[in-house]
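K.L.:
In my numbering, the protein residues as written are 73 to 139. No residue lacks a Cβ here, since even glycine has one placed at the ideal position from N, Cα and C. Okay, here's the structure, questions in a sec.
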């Protein structure tokens with residue numbers, strides 16, 4: 073899967089980034105290299121969902137897919 077990331081220079085120094093395909097997924101870093109590492113962690117965290125707290129009915133199923 074490929075995701076587009078918008079990278080911004082922060083006014084106070086460093087960088088921040090957002091992933092438009094994942095609402096609310098954003099991160100920052102003091103250096104560009106740190107930002108890149110943080111982007112991977114942010115995407116993983118945003119896509120991780122605790123399914124134990126989801127409401128399910130007898131008619132719902134949970135499956136995993138690879139993208």
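Please identify the residue among 92, 79, 116, 95 whose C-alpha is closest to the C-alpha of residue 105.
P.N.:
79
K.L.:
For the stretch 87-98 against the stretch 108-117, are there 3 or more C-beta pairs whose distance is under 8 Å?
P.N.:
Three or more beta-carbon pairs drawn from the stretch 87-98 and the stretch 108-117 are found closer than 8 Å, and the two stretches are therefore classed as touching.
K.L.:
What is the DSSP secondary structure of residue 109, reduced to helix, strand or coil?
P.N.:
helix
K.L.:
Who are the near neighbours of residue 107 in its chain, counting only those whose CB is closer than 8 Å to its CB and skipping five residues on each side?
P.N.:
Excluding the 5 residues flanking it on each side, residue 107 has same chain C-beta neighbours closer than 8 Å at 79, 86, 87, 88, 89, 99, 100, 101, in chain order.
K.L.:
On the DSSP bridge assignment, give the partners of residue 90 in chain order.
P.N.:
78, 98
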